[in-house]
Each structure stands twice: as structure tokens, then as C-alpha cells.
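**Student:**
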Amino acid sequence: MPVMWIVLIVLMLATAGFVLAQRRALASAEGDARRLHSRPAYYGWNAALSALLPGLLVLGLWRMAMPPSAVMAAAALIAALAGVAVALRSTNADFRARNRVEQVVRGLLIVCASVAIATTIGIILSLVFESAQFFRIYPWQDFLFGTEWTPSFGGGSELGMLPLLWGTLYISLIALLVAVPIGLFAAIYMSEYASPRVRAWVKPAIEILAGIPTIVYGLFALVTVGPLLRDWIAQPAGLGDSGSSVMTAGIVMGIMLIPFVSSLSDDIINAVPQSLRDGSLGLGSTPSETIRNVVLPAALPGIVGAILLAASRAIGETMIVVLGAGAMAKISGNPFEAMTTITVKIVGQLTGDNDFASPETLVAFALGLTLFVITLALNIFALYIVRKYREQYE
Amino acid sequence: MTDTTPDLVPAPATPAQNSLLVADARTRRRNAAETRFRAYGIIAIGLAIAALVWLLSTIIADGAGAFRQTYATIPVTLDAAVVDPKGNRDPEEMKKVLTLSYDKLLITGMQDYLAQEGIQIAGLSDQDVKGFLSDQAKANLRDAVLADPALVGEVVTVPALTSSRIDGYFKGRVTAEQAARDSKTSPEQLQLADALHANGALETRFNSDFITNADASETRPEAAGLGVAILGSAYMMLIVLVLALPIGVAASIYLEEFAPKNRLTDLIEVNIANLAAVPSIVYGILGLAAFINFMGLPRSAPIVGGLVLTLMTLPTIIIATRAALKAVPPSIRDAALGVGASRMQTVFHHVLPLAMPGILTGTIIGLAHALGETAPLLLIGMVAFVQDYPDAPPAGLMDPTSALPVQIYNWTRRADPAFFERAAGAIIVLLVFLLIMNLAAIWLRRRFERRW
Chain A
0 MPVMWIVLIV LMLATAGFVL AQRRALASAE GDARRLHSRP AYYGWNAALS ALLPGLLVLG
60 LWRMAMPPSA VMAAAALIAA LAGVAVALRS TNADFRARNR VEQVVRGLLI VCASVAIATT
120 IGIILSLVFE SAQFFRIYPW QDFLFGTEWT PSFGGGSELG MLPLLWGTLY ISLIALLVAV
180 PIGLFAAIYM SEYASPRVRA WVKPAIEILA GIPTIVYGLF ALVTVGPLLR DWIAQPAGLG
240 DSGSSVMTAG IVMGIMLIPF VSSLSDDIIN AVPQSLRDGS LGLGSTPSET IRNVVLPAAL
300 PGIVGAILLA ASRAIGETMI VVLGAGAMAK ISGNPFEAMT TITVKIVGQL TGDNDFASPE
360 TLVAFALGLT LFVITLALNI FALYIVRKYR EQYE
Chain B
0 MTDTTPDLVP APATPAQNSL LVADARTRRR NAAETRFRAY GIIAIGLAIA ALVWLLSTII
60 ADGAGAFRQT YATIPVTLDA AVVDPKGNRD PEEMKKVLTL SYDKLLITGM QDYLAQEGIQ
120 IAGLSDQDVK GFLSDQAKAN LRDAVLADPA LVGEVVTVPA LTSSRIDGYF KGRVTAEQAA
180 RDSKTSPEQL QLADALHANG ALETRFNSDF ITNADASETR PEAAGLGVAI LGSAYMMLIV
240 LVLALPIGVA ASIYLEEFAP KNRLTDLIEV NIANLAAVPS IVYGILGLAA FINFMGLPRS
300 APIVGGLVLT LMTLPTIIIA TRAALKAVPP SIRDAALGVG ASRMQTVFHH VLPLAMPGIL
360 TGTIIGLAHA LGETAPLLLI GMVAFVQDYP DAPPAGLMDP TSALPVQIYN WTRRADPAFF
420 ERAAGAIIVL LVFLLIMNLA AIWLRRRFER RW
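Residue numbers (numbering that gives the first Met the number 0), protein chains in the order written: chain A, 0 to 393; chain B, 0 to 451.
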């Protein structure tokens, strides 16, 4: 791998520059470091950075634009050498090496901080570009409002999003019906009733649920919960005989979301000032009356925010629905039937060999865009509510 | 609930006995409501913990079997005429002998053993004997011979993998009734297994191959292992650590210590908060579009997976690092600035070392999260069937590999139920890694965290 070698040579140049510049600086001050503007190491760092940055920059840009070649290697090495030479030339006792190095480091810090923006831009660009290509082949009205999802790679596919959206929302609703009561009551108990010792054990135990990868929940849904629901509820009641169902995915996803709801709600309930509780208790209400009539109303906006965040998590969840919900795109009210979601279909359309000119592949990007917009809107709204609420008592 | 007492108007004949010792009806009702409310809380916590226990216990019960495997130890005569037709013991020449010939040796060895031990099973066909051992057994025998040509002509007792059904029989997954219905196994084979087991020629023991082997094809679940997946995951974690830790720390230092309060800073802040909540599959789409289609990096390669997971982990690391930096008291900064350090020196010489335990804790938790992530890796082609171990980094970063969670997903898609056992076993491996990482994070926090 020649690129590795060039990187190594540039690194060696930088090291050499470091040593030489340090010596040169000391020599220009007749060996007395006190007469230098900066500590000797800063002169060294200045030379080293002057070699590294141009060398690696040239290498990186070239590598992105065209395949590696001997010219690229030469260009990178010349850039690094030139950097060292310039740095060495300017090295003398009066050179403000520390300020120079700190400026460069600050620049690097800013570049790193912008990676976050670059990621967002990258996400938006990749979603929008490919989606635009999709909508050039396939009318957007049919995508947004179509009720048929029958992709066939031979052509003539119906790619309506509504059945997928329905499955997504139905499963998320069931997940929230499981997670919100359990999570909320657990949070109330932990913050208002539990002794510190109980809390110290229970809180981490519930949070283990948040640390378990979703593929584990997926397998659990597929192997344990799905067959259980089918054999004990769906088949006896004549509601269907599929192990994968909205109910399976919803319940398992609900379990996954419990710690999400409980730890956020716990924070929010703890943020309600003690004086409100004291006032209510002092008037003679029981602890539960205080919670229902004083604490919860005060914490309500924050709890709503937490639920919205959980909802956004549920909508974007992939592995549980891939393994637990099935792949049938349909709109039905029966929770024991297999349905499918946006994320399942993104995985379905994009795994394996793809032809990036066919609408059947490109539709995944349009689905991704839809997902991104929905979750982003929920997140922004939720964060807005949570922030606004937190400020109230601070 | 505003508890007014509306029924006070008709005055009772005898004045109510307000006693502190005997509760009246209304107090009892309110106390009951209180008890009920507390009970809801306890039930909720109980349900959450029961779900956790249920989840973990089923996975462990399902997966424990993957760590044990049934082997047959039967003497096999390595007939020189078959294994080394040219007779010069040259491994290069012997490589031309296909695995099929070794199959015959194994079957002959088995039949000789049965005759010698006087084991007779009614209705046992040659096909049953052939299907008794795994397809992998002959390949393993061939590898053993090629590795040590001196074995040719000798009688060796190499432990041979049995087929997944025989293995399942000893783990309770396969029963005689099932075998009668299953086309891939017969009740006679199970009788044979019992007979061999009674003779001590079959044993179920710890299966280190499950950790080190590569994935195996659809028909050989007994030979499938996690070696490639563990290596792939390790490579990706290496990339995430090398990229996400420095970039995340640098970004946090800038935002926390240097950034002026302006539009750009606000934009970055909002961005990070939102990136933390973007569904992971969207990062997969980004990886597919940007790294594979646009930059032309290879599919299924750890480098792409590592980059995608880096972008996904960055917000977590940034949020943790900023909290750690914030926790360093301003007096430290003031003291450093007071003795003449520059702001950069203050941060790098004093604040950052003090924040390091918090940063590392956050990083480990971020890495643990990345290790378990599946969805984005599916989109960048990591589901492909990979049987070759990748090279050592850095060249190996471009080789196709699998990853632990994707391998689990892959196995759940296969028809043979033996793969479910493997998938659950792989989850145990994954959970052990996660447990170690989280314990390390907790240890770091306990050991080094300072309260100011």
C-alpha cells in the first residue's frame, strides 16, 4: 500500500523537522533557552506541523480526486519538504513560535468541530440527490399517497409509501403503549418513593436494557416473543398465524424504550423544585396526591418531550422490526398480522446487489429522506419542549 | 383530585369521632389510593426487570449450546494409495487430492469401527453413515494431513465434527420423533449416535472453533464460527477509536473552551444535538452514498463500517467530553492563566488531563454502542458471506469482512435451526464484550473521578 509509505515518510520528515528546528532555535539563541521567544519545543512543533499539514492535505485531496500515482507521492513529499524548509528558515530566537503553533492548533480544533456540520450536510446531500433522481423516474404523488407497495425489479412497480408509514406508526404506537406507562411509573417510584439504596440498584438495572444492542431484541422477538404470541393469543383467538407481527415488534420495542422513557422522566421529575412538594405535603395531601396534582403537572411538558424522543427512536428503529414485524406491506388494523415499516424496506431495497438507476433501489433514499424528516421534526420539537421547560425552574 | 367533602350538610346524629387512632372512611380510602399508587410503581419496576431477566435468560439458554460441540473420535486409516497417489509425500502434490476422497476414508473408518466393535443397527444405510459426520469433517482431515504428511499410511484418530442434527440430539434440540420426519436425519442415525456415545467414541465438549472459525455455508452450521466477524468488529472499533476520540475531543475543546458565542457555534451545537438522535440507518445510507458510491471505497470493508460508526459515535463522545470539561472547576483555569500560561496551554496541560477519565468513560460507552450497531452495516454490504480472514491492518481494513452483530443477523436469516443456536451464542459473545467495556468504564469512573 504505497499511500501508507508516503504517510510514513511525511511523518519522518516531520520528526526530522522537529529536531532540526529545535536545534536551530537553540543555536540562534546561543544555547540559552531563556532568550527564545517560546519554549524550544514550540519551534519543533511549528516545523513538524508545517511538514504534516501540507503533506497530508495534498495526499488526502489527491486520493479523493483520482487514483494514487507516483506524481501524487512526489507532490505530497514536495509539499511536506517545502513546509519544513519554510519553517526552518523562519526559525530564530525572535520568531513567535508558540503563537504560530497555537493558531494552527486552534484551526484544527475548528475543523474538527465542523465535522458535525459536514456530517449533517453529507446526510442531507446524499438523501436529497438520490431522492431527486428517484422522483425524476417516479411521480412523487404516487410515492407519498400511494397505498400499494409492490416493487418488482422487472419494472412496473407500485411504490406507495402509505402502507409502510402505517406499519411504522402502528408499531411505534404499541411500543409507546408499553414503554410509557412502565417507564413513567418506574421513574415516579424511583424519584419519589425509593430509598437511595433501592434506587442505586434499580436504576442501573433498568438502564442495562438501554445498553443491549437492538439485534439482541430482534432475535428475542423472532425466537421467543413472536412464537409465544402466535401460539397463545393469535391462533386461539383466530387473529392470524404469523410469528412476526405488529404486536411482536411493538412489545419488544416497548421493552427497549422503557429505560429511555424512565431515565428522561426521572431527570425531569427530579428537576421539579422540592418546595412545590413541601407545600403540597404541608397542606395535608398524601405523597400520591402530591405527585398526581403537583409534580406531574409541573413536569408534564418535559415528560411530553421525553415521549416524543422515544417516539422518534421507535420510528427510526430497524433491527427489531426487520426481525420481528415481517415484510408484508399492508394497511390493516389487526395487530397480530405481519406488517412492515419504512426502515425494513430501506434495508430490503438496499442490501444485496443494487442497480442505482432503478426506481426500486432509489426509492430507499426517498424513504430515508422521509424517515429523516419525520425524526428530525420530532427531535427538534421535543428538544425545544425539554429545553424550554428546564429553564423554567432554573 | 381536590378532596372536598360534600356530604357534611346533613349533620350526623352523633358528632363524628375524630380519633387519631381510628382512621375514618375517607382517610382509609386515601391511604388505599396511596398504597395502590405505590404498587403501580413497584409493578412497573418489576415488569421492567422481569423483561430484562426474561430477555437475558432466554438468550443465554438458547445460546449456551453453541459453545459445546459433538465430535466423533474414530480411528481412520489414511490409505497412502488414496491420499498420496504419487507416493512422494509432497504436500503440493497431495493438494490435488480432493476432499471427496477423504470422505470415503472417513466412511470406511466408521464402518470398520462399527464392525470391530460389533455395533449393529437395523436399517442403517450407507447414506446414514455418510450423513452422520459433518461435511466439514473431511475438510478438517485433509487439512490435518496436508499439515503433517508423515501421517499418511498411519491410523489416526482425529476428532471429526458430527453433523448438526447429531450434535442437536445431544443438546436436546433434535428428538427421535423429529428425526423420523426430517429428511436430513433418520432415527437409525440417532441409534448409531447412542451406540457410539456408549462406546465413548462420541463426546460433546467445549467448542473453541466457534470463536475462531470463519462462517460456514448454509448446510454446515456445525462448522460456522465467529472468527472473521470478531476480527471485522475489532478493526472497526480500532478505526472508531483512532478517528472519533481525537476528533470528538478536539471538537469539544473548541466548543467548550474557545468558541465565541455566535451563529456558527449555535449551529454546531444544534447540529450535534440532532445528530445524536438521527436513526442509525440514516448513517448507513450516508455511508452507502458518500463512501461507497461517491468515494469509491470497497463494499463490506471495515474501513467503510468504521467511518460510518465514527460519524455515528461522534455526537456521543462530544456530549460526554463536554460534560467532563465542564466539570473541571474554573479555579484550575484561573490558576494556570494566573501563572502565565496561554489559554491553549491551560487547556492542554491542566484542564484536559483532569477531564480525561470522564472523556475515556464516554468514549468506551460510545464504542460499546458502536459495537452493537447493526442497521448501518447492512446497507454497506457487510451481510455478504465472507469466509476468508482479513489481512492485518492497514491493508486488511480494505478486505471484506463481517461484523459481530451482522453475523448474528445473517444467521437468523438461515433456514437450519442450528443457526439460531449459533446466533444466540454469538449474542453471548457480543454481550460479554459489551459487559467488559461497560465494566471498564465504571471502573475508570470509580477510580479516577474527582468531585471538586
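For every residue, glycine included, the Cβ atom is placed at its ideal position computed from N, Cα and C.
All values derive from a computational prediction rather than experimental measurement.
1) For chain A, check one thing: does any of its Cβ atoms lie closer than 9 Å to the Cβ of D61 (chain B)?
2) According to the neighbour-count rule (16 or more other Cβ atoms, all chains shown, within 10 Å of its Cβ), is A414 (chain B) buried or exposed?
3) Using 9 Å as the limit for Cβ to Cβ distance, is T146 (chain A) near chain B?
4) Does any residue of chain B bring its CB to less than 9 Å from the CB of A337 (chain A)?
5) Terminal residues of the continuous beta strand (DSSP E) containing Y70 (chain B)?
6) Give the residues of chain B in contact with S243 (chain A), contact being defined as C-beta atoms less than 8 Å apart.
7) Can you check DSSP and say which residues form a bridge with E202 (chain B)?
8) What would DSSP say about P158 (chain B), mapped onto helix, strand or coil?
9) Check each candidate in A:V197, A:I250 and A:A26 and name the one with the smallest Cα separation from Y216 (chain A).
10) According to DSSP, is L295 (chain A) part of a helix, a strand, or is it coil?
11) Quick check: is the beta carbon of M0 (chain B) nearer than 9 Å to any beta carbon in chain A?
12) Starting from I58 (chain B), find everything on chain A with Cβ-Cβ shorter than 8 Å and list it in chain order.
13) Determine which residues share a DSSP beta bridge with P98 (chain B) and list them.
14) Compute the minimum distance between the beta carbon of V241 (chain B) and the heavy atoms of the ligand SAH, and state whether it is under 8 Å.
15) Which same chain residues end up closer than 7 Å to P148 (chain B) when comparing Cβ atoms and leaving out the 5 residues on each side of it in sequence?
16) Closest Cβ-Cβ distance between I363 (chain B) and chain A: below 9 Å?
17) Let me make sure I understand the geometry here. Which of A:L161, A:A326, A:D93 and A:S49 has the alpha-carbon closest to that of E29 (chain A)?
18) Chain A beta carbons: is any one of them nearer than 9 Å to that of R445 (chain B)?
19) In three-state DSSP terms, what is T76 (chain B)?
20) Whole angstroms are fine: how far does the CA of P235 (chain A) sit from the CA of G304 (chain B)?
21) According to a CB-to-CB cut-off of less than 7 Å, which residues of the region 279–297 of chain A neighbour chain B?
22) Am I right that A50 (chain B) and V151 (chain B) are in contact with their C-beta atoms under 8 Å? What's the rounded C-beta distance?
23) Using the beta-carbon count (16 or more within 10 Å), is K260 (chain B) buried or exposed?
24) Counting only the same chain and skipping the five closest in sequence on each side, list residues whose C-beta sits under 7 Å from that of S171 (chain A).
25) Alpha carbon to alpha carbon, how far is M3 (chain A) from A394 (chain B)?
26) Comparing C-alpha positions only, which one of A:D354, A:W165, A:A174 and A:P286 sits nearest to S331 (chain A)?
27) Return the chain-ordered list of same chain residues with a C-beta closer than 6 Å to the C-beta of T285 (chain A), the five sequence neighbours on each side being excluded.
28) Excluding the 5 residues preceding and the 5 following N212 (chain B) in the sequence, name in chain order all residues of the same chain whose CB lies nearer than 8 Å to its CB.
29) Given a cut-off of 9 Å on the beta-carbon distance, is the pair V157 (chain B) and N139 (chain B) in contact?
30) Report the neighbours of A115 (chain A) on chain B: residues whose CB is nearer than 8 Å to its CB, in chain order.
31) Alpha carbon to alpha carbon, how far is A417 (chain B) from D398 (chain B)?
32) Quick check on W148 (chain A): buried or exposed, where buried means 16 or more other Cβ atoms within 10 Å of its Cβ?
33) If the cut-off is 7 Å on Cβ atoms, which residues from the region 33–46 of chain B count as contacting chain A, listed in chain order?
34) Going by DSSP, what residues sit across from L443 (chain B) in a beta bridge?
35) My understanding is that A439 (chain B) touches I318 (chain B), with C-beta atoms under 8 Å, so please give their C-beta distance in whole angstroms.
36) Closest to V260 (chain A) by C-alpha separation, out of A:V177, A:G323, A:S274 and A:S241, would be which residue?
**Tutor:** Result, derived from the coordinates:
1) With 9 Å as the cut-off, D61 (chain B) counts as an interface residue toward chain A.
2) By the Cβ-count criterion, A414 (chain B) is exposed, with fewer than 16 other Cβ atoms from all chains shown falling within 10 Å of its own Cβ.
3) For T146 (chain A), no Cβ of chain B is located within less than 9 Å of the residue's own Cβ.
4) Taking 9 Å as the CB threshold, A337 (chain A) stays off the interface with chain B.
5) Under the DSSP assignment, Y70 (chain B) falls in the beta strand (DSSP E) whose first and last residues are R67 to T72.
6) Under the 8 Å cutoff, chain B gives no residues; its nearest Cβ is about 12 Å from S243 (chain A).
7) E202 (chain B) pairs with B:Y70.
8) For P158 (chain B), the three-state secondary structure derived from DSSP is strand.
9) Among A:V197, A:I250 and A:A26, the Cα nearest to that of Y216 (chain A) belongs to A:I250.
10) L295 (chain A) falls in the helix class under three-state DSSP.
11) With a pLDDT of 48 at M0 (chain B), under the threshold of 50, the modelled position of that residue is not reliable, and the figure given next carries that caveat. Closer than 9 Å to some Cβ of chain A, the Cβ of M0 (chain B) qualifies, so yes.
12) Result: V215, L218 and F219.
13) In the sequence on display, residue 98 (chain B) carries Thr and not Pro. According to DSSP, which records beta bridges pairwise, T98 (chain B) is partnered with nothing at all.
14) This structure does not include the ligand SAH; it has no bound ligands of any sort.
15) So the qualifying residues of the chain are R88, P90 and M93.
16) By this cut-off, I363 (chain B) is not an interface position.
17) Checking every option, the nearest Cα to that of E29 (chain A) belongs to A:D93.
18) It does not; no Cβ of chain A falls within 9 Å.
19) For T76 (chain B), the three-state secondary structure derived from DSSP is strand.
20) Roughly 45 Å between the two C-alpha positions.
21) The region 279–297 of chain A vs chain B, Cβ under 7 Å: T285, P286, S287, E288, R291 and N292.
22) Your pair A50 (chain B) and V151 (chain B) does not check out as a contact, with CB atoms roughly 58 Å apart and the cut at 8 Å.
23) Burial call: exposed.
24) Beyond the five residues adjoining it in sequence on each side, S171 (chain A) comes within less than 7 Å, by CB distance, of A310, A313 and I314 in the same chain, given in chain order.
25) Distance between the alpha carbons of M3 (chain A) and A394 (chain B) is about 9 Å.
26) Distance from the Cα of S331 (chain A) is smallest, within the candidate group A:D354, A:W165, A:A174 and A:P286, for A:W165.
27) Excluding residues up to 5 positions away in sequence, nothing lies with its Cβ nearer than 6 Å to the Cβ of T285 (chain A) in the same chain.
28) Sequence-distant partners of N212 (chain B) (beyond 5 residues in either direction) whose C-beta falls short of 8 Å from its own C-beta, in its chain, are A222, A223, G224, L225 and G226.
29) Yes, the pair counts as a contact, with Cβ atoms nearer than the cut-off.
30) Within 8 Å Cβ-Cβ: A250, I267, N270, I271, L274, L313, P314 and I317.
31) Rounded to whole angstroms, A417 (chain B) and D398 (chain B) show a C-alpha spacing of 28 Å.
32) Answer is buried; the Cβ neighbour count reaches 16.
33) For the region 33–46 of chain B, which is checked against every Cβ of chain A, the residues closer than 7 Å are E33, F36, R37, Y39, G40, I41, A43, I44 and L46.
34) L443 (chain B) pairs with nothing; no bridge assigned.
35) Going by Cβ atoms, the distance from A439 (chain B) to I318 (chain B) rounds to 19 Å, so no, they are not a contact pair.
36) Out of A:V177, A:G323, A:S274 and A:S241, A:V177 has the C-alpha closest to the C-alpha of V260 (chain A).
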